[in-house]
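As structure tokens, the structure follows; a few thoughts come after it.
Protein chains: 2
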Amino acid sequence: MALEHLFQGSALNAVDAKGRVSIPAFLRSVIERRGDARTIVLAKHETFACLSAYDPAYAALKHAKLERLLEKEETSPDAQLDYQQRNLMAFAATEEVPYDSSGRILFPPLMRRKGQIGDLALFLGTGETFQIWNPQLLLDDKRIPDDLKDIARFRLEERGQS
Amino acid sequence: MALEHLFQGSALNAVDAKGRVSIPAFLRSVIERRGDARTIVLAKHETFACLSAYDPAYAALKHAKLERLLEKEETSPDAQLDYQQRNLMAFAATEEVPYDSSGRILFPPLMRRKGQIGDLALFLGTGETFQIWNPQLLLDDKRIPDDLKDIARFRLEERGQS
DNA sequence: TAAAATCCCACGAAAACCCATTGTATCCCG
DNA sequence: CGGGATACAATGGGTTTTCGTGGGATTTTA
């Protein structure tokens, strides 16, 4: 699985009173080059206190990979349950949301709580996917490199003095 | 078998006094993109205490897959019986129900009992198909990942405090 | 004729849509 | 090279549409 277009860069956007957020244009352009959907898929990140996001085409790719894995070791009794659990997490525990002509999504309340997103959303490109953080939680996480925290601080300052 | 449109997301809907339930709009949109039917097929899930649901187009696909499997290992003595059993389950043990213009089905009593569905139906997208749960049974199932139970609890809360 | 299914309409909340404003980066031309 | 015009991004607000749901009326079935 070698994706041609990768997510990169960072941005800090506001979540308004209605729960709307602009998806940064540089991330949207990757989504639309990977497929022709104007939609993102949201999931709780596996290891960090943030959300993981990607495009539907990437979700389909991941699913196909799972399917192939199952067909290989279909016989095993545990494999069946393992497959069911993965499938549930990959699809039931995610939400697909379209963005409108101005590039905004309506943040689903479930994901907003899972990611503990307040009125600021920090977007971080990570190649195949991107992440959405509550900036403060990123600053508080000891596992995050200082250089990255500097970027988060910069984005916060940018916004503070305007 | 690479399906283009996949079921994902979750929702908790009410089953009213007449036994009617709204199929969530985001699931219906997948059904209608896969084919032009406004119908779902219901079956008891193979491993969980819930129902499995999908569109007629997917049922046809599953059938074709079974056929191919049979032709491959036709020689085996067990294969024939296995095929007969699977075929029975795939067709006799299922019910096809149309949904109306407002997206509701009338829940067939047999399936409602098989799935132990009360007055709340939890819908979970799982890619090729989706599941319908009695939310309490999902919470009680030890095989279900905690993250998914959190989602079920969230859906229950959403509804409770309104 | 009673029970059940289908059709119809109605309502409130939420989501999607449209338009307007601001700020910023980009481009073009003098 | 500078400065004005331009395009686009992010955001705010109002309006329209859709969704889930309840209930009544009509038709069908047993």
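Sequence order for the protein chains is A and B. Each residue of the first sequence is one higher than the one before, starting from 1 at the first, in the numbering used here. Each residue of the second sequence is one higher than the one before, starting from 1001 at the first, in the numbering used here. Glycine included, C-beta positions come from ideal geometry on N, C-alpha and C. Treat the numbers as computed from the prediction; the structure is a model and nothing was measured.
In its own chain, which residues sit with a C-beta less than 8 angstroms from the C-beta of B/K1018, not counting the 5 before and 5 after it? L1106
Closer than 8 angstroms to chain B by CB, A/K44: yes
Distance check for A/T126 and A/F7, CA to CA, integer angstroms please. 6 angstroms
Per DSSP, B/I1105 forms a beta bridge with which residues? B/V1021
Do A/K62 and A/A79 have their C-beta atoms closer together than 8 angstroms? no
Evaluate the contact criterion for the stretch 1025–1034 of chain B versus the stretch 1045–1063 of chain B: three or more CB pairs, one atom per stretch, below 8 angstroms. yes
Along the chain, which unbroken stretches of the alpha helix (DSSP H) at least 4 residues long are found entirely within the stretch 98–158 of chain A? 109–114 and 135–140
Is A/N134 close to chain B? Criterion is C-beta to C-beta, closer than 8 angstroms. no
Give me the chain A residues within the contact set of B/S1029, using Cβ-Cβ distance strictly less than 7 angstroms, ordered along the chain. Here the premise fails: no neighbours, minimum Cβ distance about 10 angstroms.
B/R1143 versus chain A: which residues are under 9 angstroms apart at the beta carbon? L81, Q84 and Q85
Would a check of beta-carbon distances place A/G5 closer than 8 angstroms to chain B? The amino acid at residue 5 of chain A is misidentified as Gly; the sequence shows His. No, no contact with chain B.
Closest by C-alpha distance to A/C50, when choosing among A/L148, A/L88, A/N134 and A/L156: A/N134
Taking 6 angstroms as the limit between beta carbons, can you name the residues of its chain near B/G1103, skipping five residues before and five after? S1022, I1023 and R1028
I'd like to know whether the C-beta atoms of B/L1137 and B/K1149 end up nearer to each other than 8 angstroms. no
Listing by chain order, which chain A residues have their CB less than 8 angstroms from the CB of B/I1151? A92, A93 and L110
Would you report the Cα separation of B/E1004 and B/I1132, rounded to the nearest angstrom? 22 angstroms
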